[in-house]
Amino acid sequence: MPARRVVTGRSQEPRKRFAEELKSLRTERGLSLRKLGEVAGWDWSLFSKMEKGETLGGPEVVQALDQYYGTGRMLLALWELAVADPTQFKERYRRYMLLEAEAISLWHYAPFLLPGLLQTEAYVRTLMEWAGGFEGDELNRQVEARVGRQALLEGENAPTFRTILSETVLRTPLPVRTLWREQLEHLLAVGDRRNVTIQVVPHSAGLLGLANTDVMFLKPTDGRTMAWVETAYSGELVEETAAVDRLQLRYDLVRDVALSPADSRKFIMRTWEETACEPSI
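In numbering that gives the first Met the number 0, the protein residues as written are 0 to 280.
Below you can see the structure in the form of structure tokens.
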């Protein structure tokens, strides 16, 4: 069993702490980045980026490092904290992120875009590049942080999550057809989880009360429900009971006209098949 490590004086910011531990473990053993890549079986440039805080890497590489260094699950635990750290996001999202992480159930409606918890890395990157404001390493960090949020839906204590997608969402593909197909495949895979329900509202349902409102309802352990309403430019946390009730009534009406989860899966599958049959440009 490895000796207990002294961590006094290390950074308390999760991402920096993770990078510090990686570098410390490697240098203590007198390893170069290239040598670590050889013995651990991963490209050394990835370890360089992880130690600089440019990327967190994935759980597989972190588990491989834990195994190599004999650190149990220490690095994986630090990685999970870094991925979930709400300070990676803009200030206005931080309280929402904390509430989302503590919620026991989440209900969502998407009029135009897929919810962040279901987006592939390519989808996230396309949105961020289109919106502007990030580039280079900062863009990579923001993409990685948002994709990392999806760990919320995994594990034994994961919250229940329901999303209702307007057909518009599924008719607005990524520019690269293969990446859009991967996104649809990801939807089908996540929809198979016991705690995830995906429904589709077809255009034939007509005008809806939430037609232009992207909303997420969050229920913390205390039982009260809050709503996060988002536009392309800002987000607002709605806590006043009457306002939340009005939004939830509209949400219930939308759910009433949505396809069943089984028929919604068929709808997504048909969309995937149509994309697969489109001629290459």
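Don't be surprised by glycine CBs; every beta carbon is placed ideally from N, CA and C.
In this text the structure is predicted, and so the values were computed from the model without any measurement.
Item: Residues near Glu50 by beta carbon distance below 7 Å, same chain, minus five either side; Value: Ala18, Leu21 and Lys22
Item: Buried/exposed call for Phe216, threshold 16 Cβ in 10 Å; Value: buried
Item: Length-filtered (4 minimum) alpha helix (DSSP H) runs lying within the region 42 to 93; Value: 43 to 50, 58 to 68 and 73 to 83
Item: Spatial neighbours of Thr167 in its chain, beta-carbon cut-off 8 Å, leaving aside the 5 residues before and after; Value: Pro110, Phe111 and His202
Item: Identity of the residue in Leu30, Arg93, Lys218 and Arg193 nearest Ala144 by Cα; Value: Arg93
Item: CB contact flag (Ser104, Thr162, <7 Å); Value: no
Item: Of the residues Glu59, Glu120 and Arg16, the one placed nearest Leu173, counting alpha carbons only; Value: Glu120
Item: Spatial neighbours of Met268 in its chain, beta-carbon cut-off 7 Å, leaving aside the 5 residues before and after; Value: Leu187
Item: Inter-stretch contact (C-beta, 8 Å, three-pair minimum) for the region 63 to 70 and the region 35 to 47; Value: yes
Item: Among Trp129, Val253, Val142 and Glu273, the one whose alpha carbon lies nearest that of Glu184; Value: Glu273
Item: Coil, strand or helix - Thr224 by DSSP; Value: coil
Item: Extent of the continuous beta strand (DSSP E) run through Ile197; Value: Val195 to Val200
Item: Own chain residues within Cβ distance below 7 Å of Leu98, not counting five before or after; Value: Leu217, Pro219 and Met225
Item: Whole-number beta carbon distance between Trp227 and Tyr108, since they are thought to touch under 8 Å; Value: Contact flag wrong, Cβ pair sits at about 11 Å.
Item: For Glu229 and Asp244, believed in contact at Cβ under 8 Å, the rounded distance; Value: Actually they are not in contact, since the Cβ atoms of Asp244 and Glu229 sit about 19 Å apart, beyond 8 Å.
Item: Buried versus exposed, by CB contacts within 10 Å (16 or more), Val175; Value: exposed
Item: Inter-residue CB distance, Trp43 and Arg28 (contact presumed, cutoff 8 Å); Value: With a Cβ gap of about 15 Å, Trp43 and Arg28 do not count as contacting.
Item: Extent of the continuous alpha helix (DSSP H) run through Gly147; Value: Gly135 to Gly147
Item: Helix, strand or coil at Arg111 according to DSSP, with G and I counted as helix; Value: Checking the sequence shown, residue 111 turns out to be Phe, not Arg. Reduced to three states, the DSSP call for Phe111 is coil.
Item: Own chain residues within Cβ distance below 6 Å of Gln182, not counting five before or after; Value: Thr119 and Tyr122
Item: Span separating the alpha-carbon of Trp78 from that of Trp106; Value: 28 Å
Item: Three-state secondary structure assigned by DSSP to Glu239; Value: coil
Item: Residue-level contact to chain B via CB, Asp244, 7 Å cutoff; Value: The structure shown contains no chain B; it is built from a single protein chain.
Item: Glu12 in three-state terms, based on DSSP; Value: coil
Item: Reference Arg264, options Thr196, Asp255, Glu53 and Glu128, closest by Cα; Value: Thr196
Item: Beta-bridge pairing of Asp213 - partner residues as DSSP gives them; Value: Glu229
Item: Beta-bridge pairing of Arg161 - partner residues as DSSP gives them; Value: Trp106 and Thr196
Item: Between the CA atoms of Arg124 and Ala157 - distance to the nearest angstrom; Value: 25 Å
Item: Close-in-space but distant-in-sequence residues of the same chain around Val200 (CB under 8 Å, 5 per side omitted); Value: Ile163, Leu164, Ser165, Glu166, Leu207, Val253, Val256, Ala257 and Leu258
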